[in-house]
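Residue numbers for the sequence shown follow the numbering used here, beginning at 27 and rising by one. We put the beta carbon where it would ideally sit given N, CA and C, even for glycine. The structure under discussion appears below in the form of structure tokens.
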Amino acid sequence: MKKFNFTRKIRLTITYLVIGIILVMALSPLYMTVTTSVKDHKDAFSMPPKLLFFKPTLEHYLSLFQSMDFKKHYLNSIIVSFSSVVIALLIAVPAAYALVRYRFKGKEVLAFLFLTTRMFPPIGLLIPFFIMWTKLGLVDSRVGLVIVYLQLNLALSIWMLRGFLSDLPIELEEAGMVDGCSRLGAFLKITLPLVVPGLAATAILTLVFTWNEFLY
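Given below as structure tokens:
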């Protein structure tokens with residue numbers, strides 16, 4: 027019994043040591059980012075870098091938040107990102123539901139065509155978008171960015187929601203329709219509430235992709 031406990035302690039120690047090393051490696055970039063943001067210019071570029079002992083300062087944050095350009099750009103990012111996510115979900119939910127619940131010719135081909143829009147590198151679509159947006163007067167506008175991000179993220183949203191909806195048995199909706207619900211009523215009252223976690227996951231992932239996108 028003592029031998030077993032000793033062996034178990036060794037395994038636990040090794041496990042915790044490995045987890046600790048992984049955590050240090052994973053959190054080191056975040057720590058360096060945060061600490062660099064509160065260092066003055068001399069400490070930020072010192073060699074070797076000052077990891078623990080330095081005089082923190084908030085001058086960079088004060089300068090940033092006092093800048094009107096930052097406020098304007100941050101507001102633009104919020105408006106564009108959330109608008110594209112909301113519109114993408116409004117389109118993706120019925121599209122994914124149709125792909126899961128209805129049978130029609132070419133359904134799988136259509137789903138694959140949606141996915142092919144994610145196969146093009148963004149840099150390859152930059153010039154066509156610029157030409158079209160110039161002719162439509164959408165260059166350097168929030169509406170133009172929202173449409174671009176909608177095109178980039180719609181396929182991902184549809185495919186993610188398709189997976190969540192396919193996990194829900196159709197018998198739930200059929201039971202609702204037997205009790206008097208229409209197809210739309212069964213979807214709104216039964217299916218949609220059950221797929222809320224999927225909607226949240228899709229919205230978060232789409233928001234992250236949109237927020238981090240810089241090229242367009």
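For this session: Please determine, among R37, K76, I113, the residue with the shortest C-alpha to C-alpha distance to L171.
Result: The residue from R37, K76, I113 with its alpha-carbon nearest to that of L171 is I113.
- Query: What residues in its chain sit with their C-beta under 8 Å from that of M27, if we drop five residues either side in the sequence?
  - Reply: Any reading at M27 is ruled out, since the residue's pLDDT is 48, under 50, leaving its predicted position unreliable.
key: Between the CA atoms of I48 and V60 - distance to the nearest angstrom   = Cα-Cα distance, rounded: 19 Å.
| Residue of H86, Y87, L84, K65 minimising C-alpha distance to L77 | Checking every option, the nearest Cα to that of L77 belongs to K65.
Exercise for review: Could you have a look at M27 and say whether DSSP puts it in helix, strand or coil?
Suggested key: With a pLDDT of only 48 at M27, under the threshold of 50, the placement of this residue in the model should not be trusted, and no figure is reported.
Q: Thinking R168 and N238 are a contact (beta carbons under 8 Å), I'd like their distance in whole angstroms, please.
A: In this structure R168 is not in contact with N238, their Cβ atoms being roughly 18 Å apart against a cut-off of 8 Å.
Q. Would you say M186 reaches chain C, if we count a Cβ-Cβ gap shorter than 9 Å as a contact?
A. This model lacks chain C altogether, as it is built from one protein chain only.
Subject >> Spatially closest choice to F140 from L214, F108, T41, L125, by CA coordinates >> reply: Among L214, F108, T41, L125, the Cα nearest to that of F140 is on L125.
Exercise. Exposed or buried, which one is E199 when buried takes at least 16 other CB atoms within 10 Å?
Worked result: Around the C-beta of E199, 16 or more other C-beta atoms lie within 10 Å, and the residue is accordingly described as buried.
According to the Cβ coordinates, are L233 and F190 closer than 9 Å? Not a contact, by the Cβ cut-off of 9 Å.
TODO: For the alpha helix (DSSP H) holding F235, just list the boundary residues, first then last.
DONE: Start and end: 222 to 238.
Query raised in the report: Buried or exposed: which applies to Y57, given that a residue is buried once 16 or more other Cβ atoms fall within 10 Å of its Cβ?
Result: The Cβ neighbour count for Y57, taken over all protein chains shown within 10 Å, is under 16; the residue is labelled exposed.
Comparing C-alpha positions only, which one of T160, D205, K68, Y42 sits nearest to P82?
With distances taken between CA atoms, P82 lies nearest to K68 out of T160, D205, K68, Y42.
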